[in-house]
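Undergrad: Sharing a structure with you now.
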Amino acid sequence: MIKVGLVGFGKAGQAVAQVLQEDPRYELCWIARRSAVTMAPTPSGIDTPLVALATPDDWGQWLDSHPVDALVDFSRPESLHLYGEQVRMRGLMLISAISAYSDADLDYAHTLAKNARVLCSPNITVGINFLIMAARLLRKIAPFADVEIVEQHFREKPEVSGTARKIAQTIDVDEDRITSLRLGGIVGHHEVIFGFPYQTVRLIHNSIERRAFGTGAAFALAELARCENGFYTFDDLMMRMVRKELLSKQP
4 MIKVGLVGFG KAGQAVAQVL QEDPRYELCW IARRSAVTMA PTPSGIDTPL VALATPDDWG
64 QWLDSHPVDA LVDFSRPESL HLYGEQVRMR GLMLISAISA YSDADLDYAH TLAKNARVLC
124 SPNITVGINF LIMAARLLRK IAPFADVEIV EQHFREKPEV SGTARKIAQT IDVDEDRITS
184 LRLGGIVGHH EVIFGFPYQT VRLIHNSIER RAFGTGAAFA LAELARCENG FYTFDDLMMR
244 MVRKELLSKQ P
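Residue numbers (my numbering): 4 to 254.
What follows is the structure, encoded as structure tokens:
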């Protein structure tokens, strides 16, 4: 059983906590946020202690007395710099689903991967990462096709989806080909449209509930545990599985 500490307890963090708490492969030991009453009971029926960890020293002291094997982060970019040296020193697995890392943040995460297994993905659902893998393959097959990306999210989301940006980067199209819509309480909708002369292909993913992030995190933990130290993306883990499956079919 893998012992896990969850970082962040917003809407996504609460949904992830529910999934990890119910998964027999993991023990969700505690949930960290920057401001909380230490060891207070958590809401939403989640039977896991909540702790306030606001400085690097807080993280070191807490992990000394409450060790875990992995951190799963659904908080904010700055959290990486609070616990990062503990990841390095202790060789913790890190699953980060932060969508707004700067280039400097990602550079720092790469340095941690010299001593630990680190996965960063702006969207950690299994379905969206399968969509990205399929879009990349179709782009290789038909580089002449027109491509547009549409992303829809809840009204309060201010920035362009990090997932949409990753899709654009992965299939080598300009970010000005992304159309963003903000409507009601949409959890997440991503669509990649390939326009051919005589046909159209649409690859669509909808996040119906935020617990999809939890199943993605659970998948990533299981697969990352089989990896060597290094920096990984979600599609790296999926491609490992695809290669293994293809090789198993060879005579």
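All C-beta atoms in this analysis are idealised placements derived from N, C-alpha and C, irrespective of residue type, glycine included. Owing to the predicted nature of the structure, the values given are computational and were not obtained by experimental measurement.
1) So E194 and V153 are supposed to be a Cβ contact under 8 Å. How far apart are they, rounded?
2) Run through DSSP, which three-state label would F77 get?
3) Reducing DSSP to helix, strand and coil, say where Q202 ends up.
4) Please report how far the alpha carbon of V90 lies from the alpha carbon of A112, in whole angstroms.
5) Which whole-angstrom value is the C-beta distance of G122 and F237, which I expect to be below 8 Å?
6) Give the DSSP bridge partners of N209, in chain order.
7) What number of angstroms, rounded off, separates the C-alpha of A225 from the C-alpha of Y29?
8) May I ask you to verify whether the segment 120-134 touches the segment 230-248, counting CB pairs closer than 8 Å and requiring at least 3?
9) Can you tell me which of the three DSSP states T41 falls into?
10) So, with DSSP's three-state summary, where would you put E231?
11) Leaving out the 5 sequence neighbours to the left and right, which residues in its chain are closer than 7 Å to E88 when beta-carbon positions are compared?
12) Relative to the C-alpha of G217, which residue among K160, T128, D108 is closest?
13) Within this structure, are the beta carbons of I135 and T173 separated by less than 8 Å?
14) Per DSSP, K117 forms a beta bridge with which residues?
15) For the beta strand (DSSP E) that I135 lies in, which residues bound it at each end?
16) For M96, count the other beta carbons within 10 Å of its own beta carbon; 16 or more makes it buried, fewer makes it exposed. Which is it?
17) Could you say if the segment 175-189 and the segment 155-164 meet the contact criterion of at least three C-beta pairs nearer than 8 Å?
18) Apart from the five residues on each side of it in sequence, which residues of its chain come closer than 6 Å, Cβ to Cβ, to I196?
19) Answer yes or no: do I5 and A20 have a C-beta to C-beta separation smaller than 8 Å?
20) Spatial neighbours of A43 within its chain, please: C-beta separation below 7 Å, excluding the five flanking residues on both sides.
21) Can you tell me whether G219 is buried or exposed? The criterion is at least 16 other CB atoms within 10 Å of its CB, across all chains shown.
TA: Once the coordinates are examined:
1) By one-based count along the sequence shown, residue 194 stands at place 191. By one-based count along the sequence shown, residue 153 stands at place 150. Indeed they touch by this definition, with Cβ atoms about 4 Å apart.
2) On the sequence shown, position 74 is the one that residue 77 refers to. Correct three-state label for F77: coil.
3) Mapped onto the sequence shown, residue 202 falls at position 199. Coil at Q202, not helix or strand.
4) As a working mapping, residue 90 is identified with position 87 in the sequence shown. As a working mapping, residue 112 is identified with position 109 in the sequence shown. So the alpha carbons of these two residues sit roughly 10 Å apart.
5) For the purposes of this step, residue 122 is identified with residue 119 of the sequence shown, where counting begins at 1. For the purposes of this step, residue 237 is identified with residue 234 of the sequence shown, where counting begins at 1. The sequence given here has Leu at residue 122, not Gly. The distance from the Cβ of L122 to that of F237 is about 7 Å, consistent with a contact at the 8 Å cut-off.
6) Here residue 209 refers to the residue found at position 206 of the sequence shown. According to DSSP, N209 bridges with H192.
7) Within the sequence shown, the letter at position 222 stands for residue 225. Within the sequence shown, the letter at position 26 stands for residue 29. Spanning the alpha carbons of A225 and Y29 requires a straight line of approximately 9 Å.
8) Three or more pairs of CB atoms, one per stretch, sit closer than 8 Å, so the segment 120-134 contacts the segment 230-248.
9) The residue given as residue 41 occupies position 38 in the sequence shown. Confidence is the limiting factor: at T41 the pLDDT is only 46, short of 50, which leaves the residue's position unreliable and the question unanswerable from this model.
10) Here residue 231 refers to the residue found at position 228 when the sequence shown is read from its first residue. E231 falls in the coil class under three-state DSSP.
11) If you number the sequence shown from 1, residue 88 lands on position 85. P59.
12) In the sequence shown, residue 217 corresponds to position 214, counting from 1. Residue T128 holds the alpha-carbon nearest to the alpha-carbon of G217 among K160, T128, D108.
13) Numbered from its first residue, the sequence shown carries residue 135 at position 132. Numbered from its first residue, the sequence shown carries residue 173 at position 170. Yes; because the gap between Cβ atoms is below 8 Å, this pair is in contact.
14) Sequence index remark: in the sequence shown, residue 117 carries index 114 (1-based). Answer is none; K117 lacks a bridge partner.
15) Taking the first residue of the sequence shown as 1, we reach residue 135 at position 132. For I135, there is no enclosing beta strand (DSSP E); the enclosing alpha helix (DSSP H) covers residues 129-144.
16) Here residue 96 corresponds to residue number 93 of the sequence shown, with the count starting at 1. Around the beta carbon of M96, 16 or more other beta carbons sit within 10 angstroms, so the residue counts as buried.
17) The segment 175-189 vs the segment 155-164: in contact.
18) By one-based count along the sequence shown, residue 196 stands at place 193. The residues are E151, R205.
19) Along the sequence shown, one-based indexing puts residue 5 at 2. Along the sequence shown, one-based indexing puts residue 20 at 17. At the C-beta level, I5 and A20 stay beyond 8 Å of one another.
20) Against the sequence shown, residue 43 aligns to sequence position 40. Summary for A43: the model assigns pLDDT 47, below 50, so the residue's position carries little reliability, and this model does not support an answer.
21) As a position in the sequence shown, residue 219 is number 216, starting the count at 1. Answer is buried; the Cβ neighbour count reaches 16.
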